[in-house]
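Chains as they are written, first to last, in the working numbering: chain A, 2 to 233; chain B, 2 to 233; chain C, 153 to 427. For glycine and all other residues, C-beta sits at the position ideal for the given N, C-alpha and C.
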Amino acid sequence: MGKVAEMRVIVGDKKDPDRAEELRILEALLFAAAAPLDEKALASRLPAGTDVHPLLQQLQREYAPRGVNLVRVGGKWTLRTATDLAWLLTHESVVTRKLSRAAIETLAIVAYHQPVTRAEVEEIRGVSTSKGTLDVLLETGWIRLRGRRKAPGRPVTYGTSEAFLSHFGLDALGDLPGLDELKGAGLVEAAMPADFAVPVPSDDPALRDDEEPLGPEDVDLGLAPPLGRTEE
Amino acid sequence: MGKVAEMRVIVGDKKDPDRAEELRILEALLFAAAAPLDEKALASRLPAGTDVHPLLQQLQREYAPRGVNLVRVGGKWTLRTATDLAWLLTHESVVTRKLSRAAIETLAIVAYHQPVTRAEVEEIRGVSTSKGTLDVLLETGWIRLRGRRKAPGRPVTYGTSEAFLSHFGLDALGDLPGLDELKGAGLVEAAMPADFAVPVPSDDPALRDDEEPLGPEDVDLGLAPPLGRTEE
Amino acid sequence: MNAEQDFESDLPERASDEPSLMVDVEGFEGPLDLLLTLARQQKVDLAKISILALADQYLAFIEEARKMRLELAADYLVMAAWLAYLKSRLLLPEQHPSEGVSAEEMANALARRLRRLEAIRQFAEQLLNRPQLGRDVFQRGQPEPIAEVKHPQWSATMYDLLSAYAARRQIRSRSVVRVAKRTVWSLAEAREALERLIGQTMDWSPLDQYLVAYMTDPSTVTTVLASSFAAALEMIREGRLEAHQQGAFSPLYLRRKQNAAGDPSQGSAADSGNG
Chain A
2 MGKVAEMRVI
12 VGDKKDPDRA
22 EELRILEALL
32 FAAAAPLDEK
42 ALASRLPAGT
52 DVHPLLQQLQ
62 REYAPRGVNL
72 VRVGGKWTLR
82 TATDLAWLLT
92 HESVVTRKLS
102 RAAIETLAIV
112 AYHQPVTRAE
122 VEEIRGVSTS
132 KGTLDVLLET
142 GWIRLRGRRK
152 APGRPVTYGT
162 SEAFLSHFGL
172 DALGDLPGLD
182 ELKGAGLVEA
192 AMPADFAVPV
202 PSDDPALRDD
212 EEPLGPEDVD
222 LGLAPPLGRT
232 EE
Chain B
2 MGKVAEMRVI
12 VGDKKDPDRA
22 EELRILEALL
32 FAAAAPLDEK
42 ALASRLPAGT
52 DVHPLLQQLQ
62 REYAPRGVNL
72 VRVGGKWTLR
82 TATDLAWLLT
92 HESVVTRKLS
102 RAAIETLAIV
112 AYHQPVTRAE
122 VEEIRGVSTS
132 KGTLDVLLET
142 GWIRLRGRRK
152 APGRPVTYGT
162 SEAFLSHFGL
172 DALGDLPGLD
182 ELKGAGLVEA
192 AMPADFAVPV
202 PSDDPALRDD
212 EEPLGPEDVD
222 LGLAPPLGRT
232 EE
Chain C
153 MNAEQDFESD
163 LPERASDEPS
173 LMVDVEGFEG
183 PLDLLLTLAR
193 QQKVDLAKIS
203 ILALADQYLA
213 FIEEARKMRL
223 ELAADYLVMA
233 AWLAYLKSRL
243 LLPEQHPSEG
253 VSAEEMANAL
263 ARRLRRLEAI
273 RQFAEQLLNR
283 PQLGRDVFQR
293 GQPEPIAEVK
303 HPQWSATMYD
313 LLSAYAARRQ
323 IRSRSVVRVA
333 KRTVWSLAEA
343 REALERLIGQ
353 TMDWSPLDQY
363 LVAYMTDPST
373 VTTVLASSFA
383 AALEMIREGR
393 LEAHQQGAFS
403 PLYLRRKQNA
413 AGDPSQGSAA
423 DSGNG
């Protein structure tokens, strides 16, 4: 009990002693989790009616100067090592496969222009994109098949995933660097028919008016990553 | 920035500003490590000559009241959720299970014939009753250990509990139907031998003349339901 | 990191080194990339780029490359042809300005494509410079998984309870009354078998041997032997069989009665059968 009292002075809010306990709970949950947690999941472990958002913001402020920070990715909360300590932790890093320049460009085009078809990616890059490039990106889990464009040939549309936001530490797609510049220059929309053009990229899983859902055959066709992997 | 100042007071040491940075580094290393780290490994990431032990002790003190603690396991250091918050890391769910036929029969025999020993249950059922069946019934909380029969081997006597009455919606055990009612419900054929009888059940907690109380050893043997359960 | 560093270091090298630029077509990611690199050499805002100058540079580059290397991908040639066409239209006064897309608009569209590609490259680089998970920032190394604890909620109804009890009690009370039916070889069955078997042979043979086919089931061996023995005794008494035995518990030998000449057996068999 003495510990809890001491705790209040450091972490908690003196006027609201329960708050310290709630912060401890949030801390423990976020710490233990293997993946980012949304506020709903966090709130479910706190007394009913607890407003979890201000608590998380407080925790974020408390962790800001430390070696571990509380960050929001893809609308969820997660603890991550502080970015300025990257040099320290490089030993720990898993060797990630280096993406080819084509893959990096394609990833960026999917991110900024989604939902986008392969033909539209090619239009922007001015070269044909090999199937392998998209397969590599699908394999990273950063892009995903969204649906099909309601257009001749019903081409597959691509978009980014939650893993993309999480990997690049983005809270939402709107946090993409330079997005405002792109929008300002009118460069976001791909060269698609004017009536389909939507000026802002969106990873909203809801399909757009010009998209239709993937059919069951798409899974069988091996458009999804697993097959590509087996070929390696 | 006010927040950062507040933080410094908590984490850092005003006299030694580097110390705060070293604490941050230790924090990040311990957080990201896939296994507990020993002091040598931690020291190798800090400026040469840093005495890592007092730093770790300081970090341990700082984390002590929080939801995450710094603990030593096997001579190595690791961050763990506070032990009093272990409940957060378990997800409890209720699964509905049906009792086996053997368990239902045994339960009924205990209800009608209590206080009854396992041998007596077997006598009535005409088959041997596995220990597991009685354990399951004890787990339901519907039967309980009453005492021991004053007989060779001092076998345990079983009876029903209040939870039994409440689950089956009985006001008292005497409300269990008698032979005439069972016949009326068509559960017992009308033409039964004259000596066929159904006892008038009683769950009077007072031990009978041929029973003696359970000894303290019965609890230790795990014959009783887990102690925690009775607290619920 | 390296990927974008390569990207960074590639461009200035190409841009500043004209001769290598001339031959290094393979270093370009297609004609648009080549155009973009050439545009950078103009060192002006892409919005104000001279498409005409760019077209000239591109065509000159392709010309050089064809002289030296010859192996150019088709899309470079398509672009060259398109640029040559655009150049001619830009130089010549527009004849039918109302028809289709004007040369001005075509040039603007190309400039816009170049700007868009450049922007995407720039932002791809910025994206990759963000702290990346597993490279710059790290998540919990030892996540503590949430354990699933299942509490069984047992279900049973009053009906289950009572029907199970009543059924079990009744089974037990009835089982005392019932006697299992036993299988017995009747004397008539035994006699019929013996007559059939012994009627065929004149030699002494042990009783067991005659009956071997009937004694496969161990549970009926006793009844088969006993009934056959009784039937044999009866047939001896009738004078239809002869028996002899070496001593107590030794095999019992049977044969058809020898001194019954002709076919008396049939007649007496019929008699005894009737009697």
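Chain C has no Cβ within less than 8 Å of the Cβ of A/L38.
Taking the Cα of B/E140 as reference, the smallest distance to any Cα among B/T118, B/L108, B/Y113, B/T158 is reached at B/L108. The three-state secondary structure of B/G148, taken from DSSP, is strand. A direct Cα-to-Cα measurement between A/V111 and A/T161 gives close to 7 Å. One finds nothing in chain A with a Cβ atom closer than 8 Å to the Cβ of C/P304; even the nearest lies about 23 Å away. With the rule of 3 Cβ pairs closer than 8 Å, the stretch 55 to 70 of chain A does not count as touching the stretch 87 to 101 of chain B. Of the residues C/D312, C/R287, C/A233, the one whose Cα lies closest to the Cα of A/K99 is C/R287.
Under the 8 Å criterion on CB atoms, B/I144 is classed as non-interfacial with respect to chain C.
When A/V157, A/A164, A/K77, A/P66 are compared, the shortest CA-CA separation from A/D211 is found for A/V157. Straight-line spacing of the CA atoms in C/G391 and B/R126 works out to 59 Å. Following the DSSP letters along the chain, one finds B/K132 inside the alpha helix (DSSP H) bounded by residues 132 to 141. For B/E93, there is no enclosing alpha helix (DSSP H); the residue is found in the beta strand (DSSP E) stretching over 91 to 99.
By the Cβ rule, the stretch 176 to 188 of chain B does not count as touching the stretch 119 to 133 of chain B, because fewer than three pairs are nearer than 8 Å. Secondary structure at C/Q398: coil, using DSSP grouped into helix, strand and coil. Using beta-carbon distances, C/A308 counts as an interface residue toward chain B, with a partner under 8 Å. Residues of chain A with a Cβ closer than 7 Å to the Cβ of B/T82 are, in chain order, A29, F32, A33. By DSSP's assignment, B/V74 forms a beta bridge with B/K77.
By the Cβ neighbour-count rule, B/R62 is exposed, with fewer than 16 other Cβ atoms within 10 Å of its own.
When CB distances to chain C are screened at a threshold of 8 Å, the residues of the stretch 118 to 132 of chain B falling below it are I125, R126, G127, in chain order.
Distance check between B/T97 and each of C/E300, C/Q209, C/A276, C/P304 places C/P304 closest, using alpha-carbon atoms only.
Around the beta-carbon of C/L244, fewer than 16 other beta-carbon atoms lie within 10 Å, marking it exposed. If you check each beta-carbon in the stretch 286 to 305 of chain C against every beta-carbon of chain B, the ones closer than 8 Å belong to F290, Q291, R292, G293, Q294, E296, P297, I298, A299, E300, V301, K302, H303, P304, Q305. A/G216 and A/E163 have their alpha carbons spaced roughly 22 Å apart. Between C/I272 and chain A, the shortest Cβ-Cβ separation is below 8 Å. For C/W356, DSSP records no beta bridge to any residue. Nearest CB-CB separation between A/E106 and chain C: below the 8 Å threshold. Counting C-beta pairs with one atom in each stretch, the stretch 373 to 387 of chain C and the stretch 338 to 352 of chain C have three or more that are closer than 8 Å, which means they touch. Annotation: the continuous alpha helix (DSSP H) that includes C/T375 extends over 373 to 389. C/R408 is the residue among C/T374, C/R408, C/Q398 whose C-alpha sits nearest the C-alpha of C/I388. With 16 or more neighbouring CB atoms inside 10 Å of its own CB, A/P37 falls in the buried class.
C/W356 sits exposed, since fewer than 16 C-beta atoms from the chains shown fall within 10 Å of its C-beta. At a cut-off of 8 Å between beta-carbon atoms, C/E216 makes no contact with chain A. Take A/V122, set aside five residues on each side of it, and the residues of its chain with a beta-carbon closer than 6 Å to its own are T107, I110, T130, in chain order. Interface with chain C (8 Å Cβ-Cβ cutoff): A/R102 is included. For the stretch 49 to 68 of chain A, the set of residues with a beta-carbon nearer than 8 Å to any beta-carbon of chain B comprises R62, E63, A65, P66, R67, G68, in chain order. The count of Cβ pairs closer than 8 Å, one atom from the stretch 183 to 193 of chain C and one from the stretch 220 to 239 of chain C, reaches three, so the stretches are in contact.
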